[in-house]
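Numbering follows full-length UniProt numbering, with no gaps: position 306 of the sequence shown is 306.
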Amino acid sequence: MAIRDPQAYREGLRDNRRVVYRGERIDDVTAFDEFADAIAHSSLAYEISRTEPDLAVADDGDGPYTAFYRVPRTAEDISNRGRLIETLSRMGAGTIVLKEVGSDALFALLRALSGDSLAKAQAFYRYCCENDVALAVAQTDVKGDRSLPPHRQPDPDHYLRIVDEDADSITVSGAKVHTSFSANADELIVLPTRAMSEADRDWAVSFAIPVDTEGLTLYVSPYLHGDHHAFEHPISSRHKLLESLTVFDRVRVPKERVFLNREPELAGPLALAFVDYHRFTAVNYKLPILDLLVGAAIGIAEANGIAGAGHVKTKLTELITYAETVRGFAELAAVRARNGGNGIHLPDPLAVNMAKYHFAHGFHQAAATLLDLAGGLVVTGPGGHDWDDPEVRAVLEKYFAAARPAEERLRLIHLIGDLTAGQWGGYQSVLATHAEGSLEAEKMQIARAYDSTRARAAVDAVLRAAAETPIPGTELDAPVGAAR
């Protein structure tokens with residue numbers, strides 16, 4: 001087992017990976033300025049082992065390893081995992097950090113597979129623990145025409161597929177999209193994105209490969225391109241992640257790294273097993289975002305001098321209710337955790353999906369409330385370079401002072417802009433709607449996970465009791481002279 005530090009993590013990224021950014025081939029991701037913030041952000045997954053060892057380091061007797069890879073065997077393990085994810089997210093100002101997603105995939109493989117496939121997943125799991133691997137996940141296919149299954153797509157590469165096989169390997173072609181952390185990870189786990197039929201067997205595939213594997217190309221999104229002044233962008237000037245279109249051009253995968261090989265009956269269960277953990281990760285890494293929304297709302301209401309207004313108190317109460325409801329469901333998911341197979345616990349799917357649905361359903365209204373409290377300076381206010389100039393700053397300090405000094409007020413306003421109106425905020429708005437599953441996907445899981453036994457029994461009990469109660473006036477008359 002091993003625990004790496006941030007420097008060792010960075011050094012491990014220097015290899016032959018093929019990365020393309022804004023039309024340019026990036027030969028060394030660690031030497032490319034545009035990626036520096038993303039790599040520094042991901043290195044928090046290694047820094048936390050030093051700053052929070054009791055929470056972030058595990059040891060089962062074979063030496064220390066990252067607690068992100070500790071297999072959950074009890075409800076307490078799930079609860080501790082939630083605290084670990086939230087703590088790391090708070091270090092990253094609410095931006096998800098590297099190891100969380102990869103460990104979700106590891107647990108899904110260990111829980112959903114059996115036989116030889118499980119043995120291979122267990123071997124890969126040990127490799128990840130022993131080398132403190134930075135692990136990304138490629139699950140979402142580009143999908144092409146959404147009305148058609150994989151085998152009916154006009155372009156068969158719109159779902160990743162097996163195109164060749166020999167005794168030692170499979171060869172795959174196609175693409176995955178929305179691959180978070182891919183350009184600054186060590187390894188990539190590929191998972192199916194949906195249930196599949198027998199006709200889709202060539203597309204039913206799961207495996208793990210190093211990011212520098214020949215034939216793999218990562219086309220990284222230009223999201224948050226350019227420099228971002230810390231005064232204007234207190235979050236996005238320091239925290240971002242890299243997302244990619246991940247293209248497999250006849251990539252050869254050794255069979256010891258293949259977990260699903262033309263087994264369509266397992267595609268859906270494996271995809272759902274990942275979702276069980278990934279949405280729990282989602283709701284816990286989003287908790288610091290909710291705290292930022294509430295805290296910024298309180299702060300700007302005080303800075304603007306409106307905190308005592310009745311309608312403002314109502315808005316703040318609604319934000320608090322929203323945030324604490326999500327937190328309550330997240331905690332309930334751990335309390336209700338249960339064995340999901342192979343001795344591995346999973347968070348309660350009903351509570352997890354309730355938390356994720358509630359977060360996603362309420363996020364945009366919460367952002368609108370925060371913008372309402374902040375005012376138009378979110379988009380018309382002065383920038384960081386203005387504040388850096390002493391002569392200009394004197395003007396800003398005079399005219400932007402309110403119930404709080406101008407600097408405090410402007411920094412709050414720019415935080416609100418970063419959270420809601422800027423690139424980072426826009427990114428979070430899209431994540432709320434689509435990441436870790438759409439609103440419709442969450443509703444499907446809520447309906448699937450809900451056990452209606454108690455509700456049906458409640459109805460049956462009331463109706464049965466009512467049926468057994470005589471209707472007044474229908475009793476048989478007693479004989480004449482009998483006691484009544």
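Don't be surprised by glycine CBs; every beta carbon is placed ideally from N, CA and C.
In this structure, L245 keeps its C-beta atom at 8 Å or more from the C-beta atom of A105. Counting along the chain, the unbroken beta strand (DSSP E) around G174 starts and ends at 169–180. Apart from the 5 residues on each side of it in sequence, L350 sits with its Cβ closer than 7 Å to the Cβ of I446, A449, Y450 in its chain, given in chain order. Closest option to Y159, judged by alpha-carbon separation, among Y127, R201, L412: R201. Residue pairing by DSSP places N339 opposite H345 in a beta bridge.
Per DSSP, the continuous beta strand (DSSP E) segment holding A138 begins and ends at 135–138. Residues K176, T179, L188, V190, T246 of the same chain have their beta carbon placed closer than 6 Å to that of A138, with the five preceding and five following residues left out of the count. Going by beta carbons, Y322 and G362 fall inside the 8 Å limit. Counting only runs of at least 3 residues, the segment 225–261 fully encloses the following beta strand (DSSP E) elements, listed from N- to C-terminal order: 243–254, 258–261. Burial state of A108 is buried, judged by a 10 Å Cβ sphere holding 16 or more other Cβ atoms. Relative to A208, the option among E34, L260, A199 whose CA is nearest is L260. Contact annotation: the segment 33–50 does not touch the segment 303–312, with fewer than three C-beta pairs closer than 8 Å.
In the DSSP assignment, R456 falls within the unbroken alpha helix (DSSP H) covering 453–467. Assignment of S42 by DSSP, reduced to helix, strand and coil, places it in the helix class. In the structure shown, V378 adopts helical secondary structure according to DSSP, grouped into three states. Distance between A403 and Y427, taken at the CA atoms: about 32 Å. For the pair F248 and L216, the CB atoms are nearer than the 8 Å cut-off. Beta-carbon to beta-carbon, I48 and L88 are separated by about 5 Å, close enough to satisfy the 8 Å threshold.
Contact between V326 and F359 holds: their C-beta atoms lie close to 5 Å from each other, under 8 Å. Shortest Cα-Cα distance from A432 to any of A366, Y399, D389 involves A366.
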